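In this text, residue positions in the sequence shown follow the numbering used here: the first is 245, and each later residue adds one.
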Amino acid sequence: LVAALSAEKQLATATPGAVSNKAETGVARPGTVRAGGINKQPTQISLQQQADNEFRRAYQLMRQGRDTDALAGYENALKLDPGHELARQTMVSLLLEKRRNADAERVLQEGLQGNPQQANFAMLLARLQVERQAVPVALETLQRTLPYAGTQPDYLAFVAALLQRQSRHREAIDYYQKALQFKPQSGVWMMGMGISLRAEQRNAEAREVFQQALDSNSLNGELQAFVRQQLKEL
245 LVAALSAEKQ LATATPGAVS NKAETGVARP GTVRAGGINK QPTQISLQQQ ADNEFRRAYQ
305 LMRQGRDTDA LAGYENALKL DPGHELARQT MVSLLLEKRR NADAERVLQE GLQGNPQQAN
365 FAMLLARLQV ERQAVPVALE TLQRTLPYAG TQPDYLAFVA ALLQRQSRHR EAIDYYQKAL
425 QFKPQSGVWM MGMGISLRAE QRNAEAREVF QQALDSNSLN GELQAFVRQQ LKEL
């Protein structure tokens with residue numbers, strides 16, 4: 245369901261303690277010793293820096309197999325900086341690994357409330373909702389973020405598939421067409437479009453699209469057999 249996250253790679257390339265543009269918190273490090281005495285001017289630590297530190301600690305705990313402590317650390321990082329995408333991604337990945345799907349949904353929903361432009365979060369949340377048979381809820385999740393993901397073909401095709409599952413075939417056809425503009429050789433999307441065209445009794449168009457799906461040579465054996473059966477029936 246979810247591709248493995250590249251957290252370790254991003255950690256390796258991240259600059260520790262990078263300065264954030266966000267507002268400073270007023271939390272200070274102890275004064276540092278200088279020649280001539282102690283510096284009484286504290287160094288300010290931003291919320292972003294604190295969140296980064298929490299994330300790094302949590303990540304190390306996760307690598308040590310201390311998953312419960314790691315999850316608490318990720319939670320702390322997100323309390324400090326709800327926009328810390330890497331902490332949210334890694335936390336969701338760990339929750340899914342532990343089959344805590346309801347908690348993963350909560351973390352994704354909180355992320356989308358803070359930033360509805362996260363198309364990847366929306367797609368993952370919708371897939372989890374589909375898994376528990378909440379198709380209308382999944383479609384609502386995708387539609388809320390759709391204005392920010394309108395040119396992502398996978399996103400458009402996912403919307404189409406969910407519309408199709410709700411027998412909203414005319415809308416599904418439109419979204420399949422939009423997705424295929426960006427990825428015209430997707431046999432699976434052609435097949436999906438053909439199903440909705442047939443449901444709308446647009447049989448001539450359905451035959452054409454089903455044939456294009458076969459000609460794309462991108463379908464596995466089972467799907468090829470399905471499409472051939474559709475062509476026979478048409």
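C-beta: ideal position from N, C-alpha, C; glycine also.
All figures in this text were calculated on a predicted structure; none of them were measured in a lab.
Check Ser411 in the structure and name its three-state DSSP category. coil
Roughly how many whole angstroms lie between the Cα atoms of Ala272 and Leu352? Reliability of the predicted coordinates at Ala272 is poor, the pLDDT of 33 falling under 50, and the value obtained from them is presented with this limitation in mind. If you take the alpha carbons of Ala272 and Leu352, they lie about 32 Å apart.
Nonlocal neighbours in the same chain, by C-beta distance under 6 Å from Val403, ignoring five residues either side: Leu386 and Tyr419
Just to confirm, are Arg388 and Pro428 a CB contact at a threshold of 7 Å? no
If you compare alpha carbons, which of Ala363, Val336 and Gln357 is closest to Asp347? Val336
Once the 5 residues before and after Leu400 are set aside, which same chain residues still bring their CB inside 7 Å of it? Tyr419, Lys422 and Ala423
CA-CA distance, Ala382 and Asn364? 13 Å
Got a sec, what are the start and stop residues for the alpha helix (DSSP H) Asn359 sits in? No alpha helix (DSSP H) holds Asn359; DSSP gives it neither H nor E.
For Gln474, tell me which candidate among Ala416, Asp313 and Met437 has the shortest Cα-Cα distance. Met437
Through-space distance from Leu478 to His413, alpha-carbon basis: 18 Å
Nearest to Arg409 (by Cα), restricted to the options Val379, Ser462, Gln304 and Glu384: Val379
Just verifying my parser: in three-state terms, what is the DSSP assignment at Ser290? strand
With distance defined between alpha-carbon atoms, name the residue in Pro326, Glu375 and Leu324 nearest to Arg343. Glu375
C-beta atoms of Ala448 and Arg442 nearer than 7 Å: no
With a threshold of 6 Å on Cβ separation, who are the neighbours of Ala471 within its own chain once the five nearest residues in sequence on each side are excluded? Note that residue 471 is Val in the sequence shown, not Ala. So the qualifying residues of the chain are Met435, Phe454, Ala457 and Leu458.
Between which two residues does the alpha helix (DSSP H) harbouring Pro380 extend? Val379 to Thr389
Under a Cβ-count criterion, where at least 16 other Cβ atoms within 10 Å of its own Cβ denotes burial, should Leu407 be classed as buried or exposed? buried
Have a look at Pro274 and Arg310 and give me their C-alpha separation to the nearest angstrom. The pLDDT assigned to Pro274 is 36, lower than 50, so where the model puts this residue is not dependable, and the model offers no usable value.
Residue environment, Gln479, which counts as buried when at least 16 other CB atoms sit within 10 Å: What is shown of the chain runs 245 to 478, which leaves residue 479 out entirely.
Note the first and the last residue of the continuous alpha helix (DSSP H) segment covering Ala393. Unbroken run through Ala393: none, as it is neither H nor E.
What does the alpha-carbon distance come out to for the pair Lys476 and Arg371? 33 Å
Excluding the five sequence neighbours on either side, which residues of its own chain have a C-beta within less than 7 Å of the C-beta of Val277, listed in chain order? With a pLDDT of 39 at Val277, under the threshold of 50, the modelled position of this residue cannot be trusted; read the value that follows with caution. Cβ neighbours of Val277 beyond the five flanking positions: none.
Which class does Gly226 belong to by DSSP, given the choice of helix, strand or coil? This structure cannot settle anything about residue 226, because the visible part of the chain is limited to 245 through 478.
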